[in-house]
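Q: First the structure, which I've put down as structure tokens, then a few questions once you've had a look.
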Amino acid sequence: MATRILPAVGDPDAVRSLTTLLSQLPDAEPVAPVTDSTQLVDTLARLAAESVDELPEVVVVHERIGPVPALELIREVALRFPAVGVVLVTSDPGPGLFQAAMDHGARGLVALPLGYEELASRVQAVAQWSVGVRRHLGGAVDVFTGSGGTVVTVSGAKGGVGATLTAVQLALAAQASGRSTALLDMDLQTGDVASYLDVQFRRSVADLAAITDLSPRVLADAVFRHDSGLALLLAPGEGERGEEITDRAARQIVGALRSRYEVVVVDCGAQLGGAGAAAVESADTAL
């Protein structure tokens, strides 16, 4: 299957260099480049309105794109079009920018001047990631019967590796595909799903810890409905309240969400305690 690649480059010389290399990649299908951030977002929005399947697998963003700075643009693309993988092309591929790019939602970094091998390797890896996301959450699925949804947990080997952003992207991709989706923040000490999605809500998963009968009404009272349609069950604002979530409570909460949503994405963070481990054990897929 051909990989659709959308370059976002403002500089004419950089456009020629990038499009020439992209056209040489195996199984690549470069589309007409866009020259600024507004055109990129508008193009993706138009394609997404037709179908998620119409979106390119990979967007390549040049560091000098404008008027929106490259990192801010990457974050917007990652949140609005989570099934699209973004590669940043930069003259400063150091660890500081690499971490910032990952935090903003990029799936890869390519150094300037461009080299065929590095570009081919990054584009291929990001394309495979995008195809995997669409296959797992955005493809054709059976009609939900209400008997139980799919639970996906996301854990990080250490802090700062992008587990929360990945969980947010997966949840947004599932919701965008038309499946009712809940995002549960089980990073109980330092959960920041709320900050990623810019929401404030007084209720959290800790409010359900001591409730033995999680009725639909009780669960609904603790869930925040995001503008995207996602149902958010957030981590407690006070980290010490995370200790209230026992293994049993975690299993019960995940089970209650599974019974009401087609997809449940759980951000388990980097420090996997008893509650997080219980969520992973309950999952259909653990990342």
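The sequence shown begins at 3 in my numbering and counts up by one. Cβ atoms here follow ideal geometry from the backbone N, Cα and C, with glycine treated the same way.
1. Considering Cα atoms alone, identify which of Ala-50, Thr-37, Ala-85, Gln-26 is closest to Glu-59.
2. Restricting to Cα atoms, I'd like to know which of Leu-199, Arg-82, Arg-181, Asp-38 is closest to Gly-12.
3. Is the region 166 to 183 in contact with the region 243 to 257, if contact means three or more CB pairs nearer than 8 Å?
4. Between the C-alpha atoms of Ala-10 and Val-201, what's the straight-line distance to the nearest angstrom?
5. Taking Cβ to Cβ, would you say Ser-284 is nearer than 8 Å to Val-256?
6. Report the three-state DSSP secondary structure of Asp-197 (helix, strand or coil).
7. Looking only at C-alpha atoms, which of Arg-18, Leu-221, Arg-109, Glu-74 sits nearest to Pro-115?
8. Which residue's Cα is closest to the Cα of Ala-16: His-64, Arg-260, Val-135?
9. I think Leu-234 touches Val-195, with their Cβ atoms under 8 Å apart; what is that distance to the nearest whole Å?
10. Out of curiosity, what's the CA-to-CA distance linking Ala-184 and Val-153?
11. Just to confirm, is the Cβ distance from Ala-1 to Arg-253 under 8 Å?
12. Using the rule of at least 16 other Cβ atoms within 10 Å of the residue's Cβ for burial, across every protein chain shown, is Asp-269 buried or exposed?
13. Using DSSP with H/G/I as helix, E/B as strand and the rest coil, what is Thr-294?
14. Return helix, strand or coil for Phe-83, following the three-state DSSP convention.
15. What residues in its chain sit with their C-beta under 7 Å from that of Pro-218, if we drop five residues either side in the sequence?
16. Cα-Cα, which of Gln-191, Ala-173, Val-220, Pro-71 is closest to Leu-199?
17. Which word fits Arg-6, buried or exposed, when buried means at least 16 other C-beta atoms lie within 10 angstroms of its C-beta?
18. If contacts are defined as beta-carbon pairs under 8 Å, then Ala-50 and Asp-29 qualify, I think. What distance do you get, rounded to the angstrom?
19. Would a C-beta distance cut-off of 8 Å place Ser-132 and Gly-87 closer than the cut-off?
20. Under the three-state reduction of DSSP, which class applies to Gly-257: helix, strand or coil?
21. Can you give me the C-alpha to C-alpha distance between Leu-8 and Asp-94, rounded to a whole angstrom?
22. In terms of DSSP beta bridges, what is Glu-31 paired with?
23. Since His-64 sits in a beta bridge, which residues does DSSP pair it with?
24. Does the structure place the region 111 to 127 close enough to the region 222 to 241 that three or more beta carbon pairs sit under 8 Å?
25. Reducing DSSP to helix, strand and coil, say where Thr-147 ends up.
26. Going by beta carbon distance, what residues of the same chain come within less than 6 Å of Leu-46, once the five residues before and after it are set aside?
A: So, to answer that:
1. Ala-85
2. Asp-38
3. no
4. 30 Å
5. yes
6. The residue asked about is misnamed: residue 197 is Ser in this sequence, not Asp. Residue state, collapsed to three classes: helix.
7. Arg-18
8. His-64
9. 7 Å
10. 9 Å
11. The requested residue 1 is not part of the displayed model; the chain covers only 3 to 289.
12. buried
13. Here the chain has residues from 3 to 289 only, and residue 294 is not among them.
14. coil
15. Arg-262
16. Ala-173
17. buried
18. Not quite, the Cβ-Cβ distance comes to about 23 Å (not below 8 Å), so this is no contact.
19. yes
20. helix
21. 22 Å
22. Arg-6
23. Val-91
24. no
25. Confidence in Thr-147 is poor, its pLDDT being 37 and thus under 50, which makes the residue's placement too unreliable to answer from.
26. Phe-83
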